[in-house]
């Protein structure tokens, strides 16, 4: 007899929910799912994204993949229907994590998208190589986090743990404001094009690259901008300041500062990290931890802060009763720095090579 | 015996000059060339981008492919060394066209680039499907324009004729300001990344798309920003205004206006023209024209204004002496509108189908 299937559920079988279903089923999970539109849920069954319609009470993990505004209610519903872990995929985290507030709920945000919409665009490879943010907090259940990290990793994504508010501040910079800027550039070009139709024919590769994200469905943005208002407004202010500086540089023909600014931007762009590849040498770190909530959030978000990727994570309970052992697999080259930071926070990790 | 080769020259055998050489040689031209760095010119010979080092006195067309600041002197040199047409490939046109001022000089700007630099990145297909702006003026020699349009078309590019100042105003919108904006976004992200290293790992596809152009060599930008200062400053002001409007929309959570703005940007992005494909039906327009300068500039830039692509262009001298006939090949579907506009300017074109 084969071992019983692991069970997951998906609330909202659109592009992201459908892709999660396809991906989990491929690695052997049984996936149930619902959608507010019954025909979409039916289509998800037809396409093999879910096994059955409904929320399986035995689901170990439920992924809430609804629009941001609908997440809290859907997450609370899933917490009531199952005894398992519940997570979401929304682009804003702090408000959601505060609104749901359960040790079994961990906010999530897979940073992957597609030019396709809805269940028809679902793809089991959508998350391959993508960053998937998880936002554990002091009240997160550590075992729940460990299960979720493993499920998300099995979809091919790299998990980055961040406090919810940090996530929101960072995505305002790398996602929300760039999106609004693409729309502003497109708006400007469209306005000038009414004076001269040839303008849009001159819009070559660079302009097309810069405005590509403006071609997505705008429906998700009112919720995102509403929930992440302060961070977005702050970054927009900084962008306007930076553009004002560039305006002065151009207006005064300050060639030295122009070169300096563009050279710095070029270097920064070239240094954008590629995917965190599995390094040649990994080590296992065993971190004895007190059996209190918040330890896992502290250790994993510390790793993100100093850019250490956790390739695998497990919690073992030691024989000493009140203590457990957190087993982390990390890049050998970065282990010393991580140990140093953990020491500063009072942890006493042991490192051993892996063969 | 085969017919004698057509002869072209290239001043500056970098990425663009080298690509022009490769492309022209592939369609049967003999290409001579120089570079301020003799080893680059030698490399261009090795790579087959030019046949010989030097400027062939018999060159029918010379392409000046130097940095913008060096174009006027190089163009005047080529005009003195040859009796042929001289053009350039700089990203700014008005100042250059004013500075060179010869009926045999026509400004040009191929809107194509590569992530590679220099002669090693040269590619005969670089211009395939790209827009190549030419900027004829009232003093342009019409026969020269016709030869240049044909040479540029043979590289696979679509010619768009624009008055030099219009070119500069339009590229400020679709190229220069987007470039500066990409640098500003990168600068912002880099600044925030010092607070939180994970930020750059969160920079997914959309952010990478938006900042890609910031990874190019900054060396060309001081000249471009210097020569096109007024247009760039004006567009930067408009962009700051547009971002300020978006800031207000976000700060006041004005969901209706946000959706409206993003929906308009999305539509505009989706309507960006694709390459001007050769339409199913072409017609030949024969336009009797007085034998005076500026006619060809007027007719071709009028076509660009109303977004009519000229697929082929020839000048025939009629038996009436003082008059010639301009033969244009255009999309049959747009011929009526073009005829209408030409009538308004006093031309009396005749249209006939092509089989």
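Residue numbers (my numbering), protein chains in the order written: chain A, 2 to 356; chain B, 2 to 356.
Just so you know, even glycine gets a beta-carbon here, dropped at the ideal spot from N, CA and C.
If you're wondering where the values come from, they're calculated on a predicted model, not measured in any experiment.
7 Å Cβ shell around residue 103 of chain A - same chain, five flanking residues per side excluded:
Position 102 of the first chain, counting from 1, holds the residue named residue 103 of chain A. So the qualifying residues of the chain are 80.
Could you tell me the distance, in whole angstroms, from the CA atom of residue 153 of chain A to the CA atom of residue 50 of chain A?
Taking the first chain and counting its residues from 1, the one referred to as residue 153 of chain A is at position 152. Taking the first chain and counting its residues from 1, the one referred to as residue 50 of chain A is at position 49. The straight-line gap from Cα to Cα measures roughly 16 Å.
For residue 262 of chain B, which of A:324, A:238, A:333 and A:218 has the nearest alpha-carbon?
Against the second chain, residue 262 of chain B aligns to sequence position 261. Looking only at A:324, A:238, A:333 and A:218, the smallest Cα-Cα distance to residue 262 of chain B is reached by A:218.
Contacts around residue 353 of chain A, its chain only, beta-carbon distance under 7 Å, and the 5 residues preceding and following it disregarded
On the first chain, position 352 is the one that residue 353 of chain A refers to. By the criterion of a C-beta distance shorter than 7 Å, residue 353 of chain A is surrounded in its chain by 284 and 285, once the five residues flanking it on both sides are discounted.
What does the alpha-carbon distance come out to for the pair residue 8 of chain B and residue 32 of chain B?
Along the second chain, read from residue 1 onward, the residue named residue 8 of chain B stands at position 7. Along the second chain, read from residue 1 onward, the residue named residue 32 of chain B stands at position 31. Approximately 6 Å, taken between the alpha carbons.
I believe residue 189 of chain A touches residue 237 of chain B by the beta-carbon criterion, under 8 Å. Please report the beta-carbon distance rounded to the nearest angstrom.
Taking the first chain and counting its residues from 1, the one referred to as residue 189 of chain A is at position 188. Taking the second chain and counting its residues from 1, the one referred to as residue 237 of chain B is at position 236. Wrong, their Cβ atoms sit about 10 Å apart, outside the cutoff.
Let's test the definition: count the other Cβ atoms within 10 Å of the Cβ of residue 186 of chain A and tell me whether it reaches 16, buried, or not, exposed.
For the purposes of this step, residue 186 of chain A is taken as the residue at position 185 of the first chain. It is buried - the Cβ of residue 186 of chain A has at least 16 other Cβ atoms within 10 Å.
Starting from residue 290 of chain B, trace the beta strand (DSSP E) in both directions and tell me its first and last residue.
By 1-based counting over the second chain, the position of residue 290 of chain B is 289. First-last of the beta strand (DSSP E) with residue 290 of chain B: 283–291.
Quick one: which chain B residues come within Cβ less than 9 Å of residue 114 of chain A?
To locate residue 114 of chain A, count along the first chain from 1; it is residue 113. Neighbours of residue 114 of chain A on chain B, chain order: 205, 206 and 207.
Start-to-end residues for the alpha helix (DSSP H) that takes in residue 339 of chain A:
Taking the first chain and counting its residues from 1, the one referred to as residue 339 of chain A is at position 338. It spans 333–345 - the alpha helix (DSSP H) in which residue 339 of chain A sits, taken as one unbroken run.
Does residue 197 of chain B get closer than 9 Å to chain A when you measure Cβ to Cβ?
Within the second chain, residue 197 of chain B is the residue found at index 196, counting from 1. Judged by the 9 Å Cβ criterion, residue 197 of chain B is in contact with chain A.
What are the start and end residues of the beta strand (DSSP E) that includes residue 315 of chain A?
Within the first chain, the letter at position 314 stands for residue 315 of chain A. Run containing residue 315 of chain A: 311–318, per the beta strand (DSSP E) assignment.
Residue 111 of chain B - partner residues in DSSP beta bridges:
Translated into positions along the second chain, residue 111 of chain B becomes position 110. Checking the DSSP bridge columns, you'll see residue 111 of chain B partnered with B:133.
On the CB-based measure, 16 or more other CB atoms within 10 Å of its CB, does residue 2 of chain B come out buried or exposed?
Your numbering for residue 2 of chain B matches position 1 in the second chain. Summary for residue 2 of chain B: the model assigns pLDDT 43, below 50, so the residue's position carries little reliability, and this model does not support an answer.
Using the Cα positions of residue 133 of chain A and residue 111 of chain A, report the straight-line distance between them to the nearest angstrom.
Here residue 133 of chain A is taken as the residue at index 132 of the first chain, counted from 1. Here residue 111 of chain A is taken as the residue at index 110 of the first chain, counted from 1. Roughly 4 Å separates the two Cα atoms.
Alpha carbon of residue 14 of chain A to alpha carbon of residue 135 of chain A, nearest angstrom:
Here residue 14 of chain A is taken as the residue at index 13 of the first chain, counted from 1. Here residue 135 of chain A is taken as the residue at index 134 of the first chain, counted from 1. Those two C-alpha atoms are separated by around 20 Å.
Residue 274 of chain B vs residue 184 of chain A beta-carbon contact at 9 Å
To locate residue 274 of chain B, count along the second chain from 1; it is residue 273. To locate residue 184 of chain A, count along the first chain from 1; it is residue 183. Result no, Cβ atoms of residue 274 of chain B and residue 184 of chain A do not sit closer than 9 Å.
Less than 9 Å between the C-beta atoms of residue 20 of chain A and residue 128 of chain A, yes or no?
Start at 1 with the first residue of the first chain, and residue 20 of chain A comes out as number 19. Start at 1 with the first residue of the first chain, and residue 128 of chain A comes out as number 127. Yes; because the gap between Cβ atoms is below 9 Å, this pair is in contact.
Where does residue 2 of chain A sit, in a helix, a strand or coil, going by DSSP?
As a first step, residue 2 of chain A is located in the first chain; it is residue number 1 there, counting from the start. Model confidence at residue 2 of chain A stands at a pLDDT of 44, short of 50, so the residue's coordinates are unreliable; what they give is reported in the following sentence. Three-state DSSP puts residue 2 of chain A in coil, outside helix and strand.
May I ask you to verify whether the region 294–310 of chain B touches the region 326–334 of chain B, counting CB pairs closer than 8 Å and requiring at least 3?
Yes: at least three Cβ pairs fall under 8 Å.
Residues of chain A with CB under 8 Å from residue 210 of chain B, in chain order?
Numbered from its first residue, the second chain carries residue 210 of chain B at position 209. The contacting residues are 210, 211, 213 and 214.
Near residue 208 of chain B, which residues of its chain fall below 8 Å by C-beta distance, leaving aside the five closest residues on each side in sequence?
Working through the second chain from its first residue, we reach residue 208 of chain B at position 207. Result list for residue 208 of chain B: 186 and 190, in chain order.
Please compile the residues from chain B whose C-beta is within a distance smaller than 8 Å of the C-beta of residue 271 of chain A.
Your numbering for residue 271 of chain A matches position 270 in the first chain. Per Cβ cutoff of 8 Å: 216.
Assuming residue 119 of chain B and residue 16 of chain B make a contact with CB atoms under 8 Å, what is their CB distance in whole Å?
Taking the second chain and counting its residues from 1, the one referred to as residue 119 of chain B is at position 118. Taking the second chain and counting its residues from 1, the one referred to as residue 16 of chain B is at position 15. Sure, about 6 Å apart at Cβ, within 8 Å.
Do you know offhand how far residue 193 of chain B's Cα is from residue 254 of chain A's?
To locate residue 193 of chain B, count along the second chain from 1; it is residue 192. To locate residue 254 of chain A, count along the first chain from 1; it is residue 253. Residue 193 of chain B and residue 254 of chain A have their C-alpha atoms roughly 28 Å apart.
Could you give the distance in angstroms between the alpha-carbon of residue 226 of chain A and the alpha-carbon of residue 69 of chain B?
Reading the first chain from its first residue, position 225 is the one you call residue 226 of chain A. Reading the second chain from its first residue, position 68 is the one you call residue 69 of chain B. The C-alpha of residue 226 of chain A lies about 42 Å from the C-alpha of residue 69 of chain B.
Should the region 137–147 of chain A be called in touch with the region 167–177 of chain B, which here means at least 3 C-beta pairs below 8 Å?
Flag = no, the region 137–147 of chain A and the region 167–177 of chain B do not touch.
Whole-angstrom C-beta distance between residue 210 of chain B and residue 213 of chain A, which should lie under 8 Å:
The residue labelled residue 213 of chain A in the question sits at position 212 within the first chain. The residue labelled residue 210 of chain B in the question sits at position 209 within the second chain. Indeed, because the Cβ distance is near 5 Å, the residues count as touching under 8 Å.
Of the listed residues B:65, B:222 and B:126, nearest to residue 250 of chain A (C-alpha basis):
Against the first chain, residue 250 of chain A aligns to sequence position 249. With distances taken between Cα atoms, residue 250 of chain A lies closest to B:222.
Between residue 350 of chain A and residue 324 of chain A, is the Cβ-Cβ spacing less than 9 Å?
In the first chain, counting from the first residue as 1, residue 350 of chain A sits at position 349. In the first chain, counting from the first residue as 1, residue 324 of chain A sits at position 323. No, Cβ-Cβ distance for residue 350 of chain A and residue 324 of chain A is not below 9 Å.
Tell me whether residue 143 of chain A sits in a helix, a strand or coil according to DSSP, three-state version.
For the purposes of this step, residue 143 of chain A is identified with residue 142 of the first chain, where counting begins at 1. Residue state, collapsed to three classes: helix.
Residues in the same chain with beta-carbon distance under 7 Å from residue 93 of chain B, minus the five sequence neighbours each way, listed in chain order, please.
In the second chain, residue 93 of chain B corresponds to position 92, counting from 1. Within the same chain, residue 93 of chain B has close Cβ partners 69, 169, 225, 228 and 229.
Taking 9 Å as the cut-off, decide whether the C-beta atoms of residue 67 of chain A and residue 89 of chain A are in contact.
One-based indexing of the first chain puts residue 67 of chain A at position 66. One-based indexing of the first chain puts residue 89 of chain A at position 88. For residue 67 of chain A and residue 89 of chain A, yes; Cβs fall inside 9 Å.
Within the continuous beta strand (DSSP E) that includes residue 31 of chain A, where are the two ends?
Against the first chain, residue 31 of chain A aligns to sequence position 30. Here the beta strand (DSSP E) through residue 31 of chain A covers 30–35.
With 8 Å as the C-beta to C-beta threshold (strictly closer), list the residues of the region 175–186 of chain A near chain B in chain order.
Those would be 175, 176, 178, 179, 180, 181, 182, 183, 184, 185 and 186, in chain order.
Cα-Cα, which of A:301, A:269, A:138 and A:242 is closest to residue 215 of chain B?
Against the second chain, residue 215 of chain B aligns to sequence position 214. From the listed residues A:301, A:269, A:138 and A:242, the smallest Cα separation to residue 215 of chain B is found for A:269.
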